[in-house]
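Colleague:
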Amino acid sequence: MKILCNSFSSWAASLKAVTKPKNKENNSQHMAAAKHRHLLCDACIVIFRGLKYPLGPGTRVTEHLGSVEQLHEGIKIGCAICDRLARHLASKLVRLQNIEQLRSTYDLNDYDRPGKIKFVMYWGAQNNEVYQLTTNLNRLCRQINSSFDSAATFQLIQGWLRNCLDGHQQCYQRWKNAQEFQLPTRLVDTGQSGSKECRVVRTDSGSISGAYLTLSHRWGQSPFLQLNSHTIGNLTTGIPIAELPATFRDTVSIAHQLGIRYLWIDSLCIQQDSKEDWIRESPTMSHVYGFATINIVAGHAHGPEGGLFSTREFPYFGYFTVRSAWDSRWESNADYLLWDKVALEDDFEFAPLTQRGWVFQERLMAPRMLQFGKEQVYWRCSKLFASETWPQGALSREGKSLRFGTDLDDLDGDDTMEVQPLGELGDSCTEALSRGPIAKWERLVSEYSRTELTRPEDKLVALSGVAKLFQQTFKDRYLAGLWWSSLPRLLCWRRDIKKEQEPRVRPKYRAPSWSWASVDGPITFTTTNMEHPSMTNPLRIEYLITGVDGKIDPLDGDEMAQVKGGAIT
């Protein structure tokens, strides 16, 4: 069903009233959090003492820990750095009790990587960079509650959404450009805040309007409540919210906190035992996620019963401050805010859910994303990437806003460039082309190829929403994962897979052999190889290969989805 855009505008106005802060946040509390200091052991405090650069400005590489015992001692007294080093080892499945010899060094670098402290740990034959702390005093941090569903966390989420609706022109752009938006065929009606029941409703009755949230989650291995021919009666009549899986219940809680009544959850809004329903609904995912107010992402839940809200392990040393006492002629001593950029990126970008193929598209299409990680809650929209410890977004030492993950926000940027003679194609040309829409498509496909699909035949379908957005922007022909205008370039892909990873059984047909979608496993494009830019320059390839054309035979009439044949000439 289609609703005029002004219905969204009226909802946005009402939402601003719902999310209005009950009391103003005290900046002095943030300042106190930013100045919060943690105890450091003798081995770690020495990093910030003595001569900062004994050999002059630049880089200082120094021995840090010399044994497992030293690391244990640091953990015992509550050293923030030792604690995080141990956590990083655990994340790499390295157990301290299994390490006989361990040593670490730290690299303090203000020359080409300002404000960065890198720790490298050595055990046995292993040599791993496990921890990277970045100094940053440009924005204030805040302390976080032990529980994800605390009142402070909900107020923070409301604030992010309110600020986005009020002041982010980039985020509102897709609504401004669209004359109307389309509701999904079905939604979960959670009722008013405090309601104890929910039901699945169809939107074609004309009585449904307003905003909705979507949910990205892992299905897991255990059976859970789904919409099918056996459950459709109860689900449309209404069931207690308490009977929903934990992740679904938590999403309802967020919806009620935000004053949003409707949800879209794949397993409850697509009839799972109806192939016809799946064929009809799967091509609409670009609209389902693109018109959602927020996409809720259950980043670390391994199934629907995992839930969004968990109790964090404390003490949480995501950031802390240290007062330096360097004997330095080049700079004065100050409070240094140290935070673990690597852990933040890992928690957001490499959560278990991000390995699911369908979720790759879901995270890209949504105008706003609220991801529940293992350590923090994250917000991402076109304007802001933020977390609980960095509610206003973190800045690098160079003053740039940090942003993790791939996005589609710069698709409408200018990609025009003057075509140069073959002999004049140089590195600057290659660099310019590496920022264009086709280069972005190559990066997206390379990342997508590293995800997993329960049904390998969904390879093209699960990316069709992103492909449709590209097509709307650039008006190009789509050929089973490739674009007609850049066929010579996009045909230069290869599998990035080891011999022992070769599948024993040939996959079921899903794309022509010249398409990257025909194979399993990660792929890369030759034109992204910067080791030999003159040989892999995209313009050089397109100059040498001309007159290439192609056609496909779609399986169900949708050229952006699954195909049953195709050819190039």
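The UniProt record's numbering puts the first residue of the sequence shown at 1, with every later residue one more than the last. Beta carbons: idealized from backbone N, C-alpha and C, even for Gly.
Of the choices 407, 118 and 122, whose alpha-carbon is the least far from that of residue 342?
Modeller: One-based indexing of the sequence shown puts residue 342 at position 342. Considering only alpha carbons, the answer is 118.
Colleague: Mind listing, in chain order, the continuous alpha helix (DSSP H) runs of no fewer than 4 residues lying wholly within the region 203-278?
Modeller: 232-237, 246-258 and 266-269, all fully within the region 203-278.
Colleague: Have a look at the DSSP bridge pairing and note the partners of residue 90.
Modeller: Translated into positions along the sequence shown, residue 90 becomes position 90. Residue 90 is not bridged to any residue.
Colleague: Assuming contact is defined by CB atoms lying nearer than 7 Å, are residue 218 and residue 353 in contact in what I supplied?
Modeller: Residue mapping note: residue 218 aligns to position 218 of the sequence shown, counting from 1. Residue mapping note: residue 353 aligns to position 353 of the sequence shown, counting from 1. Yes, Cβ-Cβ distance for residue 218 and residue 353 is below 7 Å.
Colleague: What do you get for residue 276, buried or exposed, if any count of 16 or more other CB atoms within 10 angstroms of its CB means buried?
Modeller: Reading the sequence shown from its first residue, position 276 is the one you call residue 276. Exposed, because fewer than 16 other Cβ atoms sit within 10 Å of the Cβ of residue 276.
Colleague: Can you tell me where the alpha helix (DSSP H) holding residue 339 begins and where it ends?
Modeller: Counting from one through the sequence shown, the residue named residue 339 turns up at place 339. Taken as a continuous stretch (DSSP letters only), residue 339 belongs to no alpha helix (DSSP H), being part of the beta strand (DSSP E) at 335-340.
Colleague: Count the other C-beta atoms from every protein chain shown that fall within 10 angstroms of the C-beta of residue 184, then say buried if there are 16 or more, exposed otherwise.
Modeller: Start at 1 with the first residue of the sequence shown, and residue 184 comes out as number 184. By the neighbour-count rule (16 or more Cβ atoms within 10 Å), residue 184 is buried.
Colleague: How is residue 465 classed by DSSP in three states: helix, strand or coil?
Modeller: What you label residue 465 is simply residue 465 of the sequence shown in a count that begins at 1. Note: residue 465 maps to helix in three-state DSSP.
Colleague: For residue 62 and residue 226, what's the separation of their Cα atoms in angstroms?
Modeller: Position 62 of the sequence shown holds residue 62. Position 226 of the sequence shown holds residue 226. Taking the straight line from one Cα to the other gives about 57 Å.
Colleague: Does the distance from the C-beta atom of residue 296 to that of residue 370 stay below 7 Å?
Modeller: Here residue 296 refers to the residue found at position 296 when the sequence shown is read from its first residue. Here residue 370 refers to the residue found at position 370 when the sequence shown is read from its first residue. Yes. Within cutoff.
Colleague: Reducing DSSP to helix, strand and coil, say where residue 514 ends up.
Modeller: The residue you call residue 514 lines up with position 514 of the sequence shown. Coil at residue 514, not helix or strand.
Colleague: Identify which residue in 256, 150 and 160 has its Cα closest to the Cα of residue 188.
Modeller: The residue you call residue 188 lines up with position 188 of the sequence shown. For the residues 256, 150 and 160, the minimum Cα distance to residue 188 belongs to 256.
Colleague: For residue 304 versus residue 404, is the C-beta spacing smaller than 7 Å?
Modeller: Walking along the sequence shown from the start, residue 304 turns up at place 304. Walking along the sequence shown from the start, residue 404 turns up at place 404. The answer is no: Cβ separation not under 7 Å.
Colleague: Count the C-beta pairs between the region 271-291 and the region 454-469 that are closer than 8 Å, then say yes if the count reaches three, no if not.
Modeller: Yes: the two stretches touch, three or more of their Cβ pairs being nearer than 8 Å.
Colleague: Pop quiz: residue 477 and residue 562 are said to be a contact at Cβ under 8 Å. What is the actual Cβ separation, rounded to whole angstroms?
Modeller: The residue given as residue 477 occupies position 477 in the sequence shown. The residue given as residue 562 occupies position 562 in the sequence shown. So it is not a contact: roughly 17 Å between Cβ atoms.
Colleague: What are the partner residues of residue 194, as DSSP defines its beta bridges?
Modeller: As a working mapping, residue 194 is identified with position 194 in the sequence shown. DSSP lists no partner for residue 194.
Colleague: Is the CB-CB distance between residue 78 and residue 39 below 7 Å?
Modeller: Here residue 78 refers to the residue found at position 78 when the sequence shown is read from its first residue. Here residue 39 refers to the residue found at position 39 when the sequence shown is read from its first residue. In contact: residue 78 and residue 39 (Cβ atoms closer than 7 Å).
Colleague: So what does DSSP say about residue 158, is it helix, strand or coil?
Modeller: One-based indexing of the sequence shown puts residue 158 at position 158. Residue state, collapsed to three classes: helix.
Colleague: Is the region 509-525 touching the region 482-497, taking contact as three or more C-beta pairs under 8 Å?
Modeller: Yes, since at least three Cβ pairs between the region 509-525 and the region 482-497 fall closer than 8 Å, the two stretches touch.
Colleague: Find out if the Cβ-Cβ distance for the pair residue 64, residue 122 is shorter than 7 Å.
Modeller: Position 64 of the sequence shown, counted from the start, is the residue given in the question as residue 64. Position 122 of the sequence shown, counted from the start, is the residue given in the question as residue 122. Going by C-beta atoms, residue 64 is not nearer than 7 Å to residue 122.
Colleague: With DSSP as the reference, please indicate the residues paired to residue 49 in a beta bridge.
Modeller: For this step, residue 49 is matched to residue 49 along the sequence shown. DSSP lists 325 as partners of residue 49.
Colleague: Please classify residue 473 as buried or exposed, where buried requires at least 16 neighbouring CB atoms within 10 angstroms.
Modeller: For this step, residue 473 is matched to residue 473 along the sequence shown. When all chains shown are included, residue 473 counts as exposed.
Colleague: Evaluate residue 439 with the Cβ neighbour count: other Cβ atoms within 10 Å of its Cβ, from every protein chain shown; 16 or more gives buried, anything less gives exposed.
Modeller: Position 439 of the sequence shown, counted from the first residue, corresponds to residue 439. Residue 439 comes out buried.
Colleague: Do you know offhand how far residue 181's Cα is from residue 208's?
Modeller: Mapped onto the sequence shown, residue 181 falls at position 181. Mapped onto the sequence shown, residue 208 falls at position 208. Distance between the alpha carbons of residue 181 and residue 208 is about 13 Å.
Colleague: Taking residue 457 as the reference, give the member of 104, 228, 517 and 85 with the closest Cα.
Modeller: Start at 1 with the first residue of the sequence shown, and residue 457 comes out as number 457. Nearest option by C-alpha distance: 517.
Colleague: For residue 408, collect the residues of the same chain with a Cβ closer than 6 Å to its Cβ; drop the 5 residues on either side in sequence, then sort them by chain order.
Modeller: Here residue 408 is taken as the residue at index 408 of the sequence shown, counted from 1. So the list reads 364, once near-sequence residues are dropped.
Colleague: Roughly how many whole angstroms lie between the Cα atoms of residue 193 and residue 301?
Modeller: Counting from one through the sequence shown, the residue named residue 193 turns up at place 193. Counting from one through the sequence shown, the residue named residue 301 turns up at place 301. Taking the straight line joining both Cα atoms gives about 25 Å.
Colleague: Quick one: what does DSSP say residue 365 is sitting in, helix, strand or coil?
Modeller: Looking up residue 365 in the sequence shown gives position 365. In the structure shown, residue 365 sits in a helix (DSSP, three-state: H, G or I).
Colleague: Excluding five sequence neighbours on each side, which residues of the same chain lie with their C-beta closer than 7 Å to the C-beta of residue 291?
Modeller: The residue you call residue 291 lines up with position 291 of the sequence shown. Here the set comprises 181 and 182.
Colleague: If we count the other Cβ atoms within 10 Å of its Cβ and call it buried at 16 or more, is residue 27 buried or exposed?
Modeller: The sequence position of residue 27 within the sequence shown is 27, counting from 1. A caution first: residue 27 carries a pLDDT of 40, below 50, which makes its placement in the model unreliable, though a value can still be read off. By the neighbour-count rule (16 or more Cβ atoms within 10 Å), residue 27 is not buried but exposed.
Colleague: Could you tell me whether the Cβ atoms of residue 265 and residue 338 are closer together than 7 Å?
Modeller: What you label residue 265 is simply residue 265 of the sequence shown in a count that begins at 1. What you label residue 338 is simply residue 338 of the sequence shown in a count that begins at 1. No. Outside cutoff.
Colleague: By alpha-carbon positions, which one of 550, 452 and 293 ends up nearest to residue 211?
Modeller: As a working mapping, residue 211 is identified with position 211 in the sequence shown. When only C-alpha atoms are compared, the closest one is 293.
Colleague: Whole angstroms are fine: how far does the CA of residue 556 sit from the CA of residue 30?
Modeller: What you label residue 30 is simply residue 30 of the sequence shown in a count that begins at 1. What you label residue 556 is simply residue 556 of the sequence shown in a count that begins at 1. Its pLDDT being 38, under 50, residue 30 is placed unreliably in this model, and the coordinates cannot settle the point.
Colleague: Under 6 Å Cβ to Cβ from residue 267, same chain only, skipping five residues before and after it: list those, please.
Modeller: Translated into the one-based positions of the sequence shown, residue 267 becomes position 267. Excluding sequence neighbours, residue 267 sits near 226.
Colleague: Three-state secondary structure (DSSP) at residue 496?
Modeller: Here residue 496 refers to the residue found at position 496 when the sequence shown is read from its first residue. If DSSP states are grouped into helix, strand and coil, residue 496 belongs with coil.
Colleague: How would you write the range of the beta strand (DSSP E) that residue 379 sits in, first residue to last?
Modeller: As a position in the sequence shown, residue 379 is number 379, starting the count at 1. Segment 377-381, the beta strand (DSSP E) holding residue 379.
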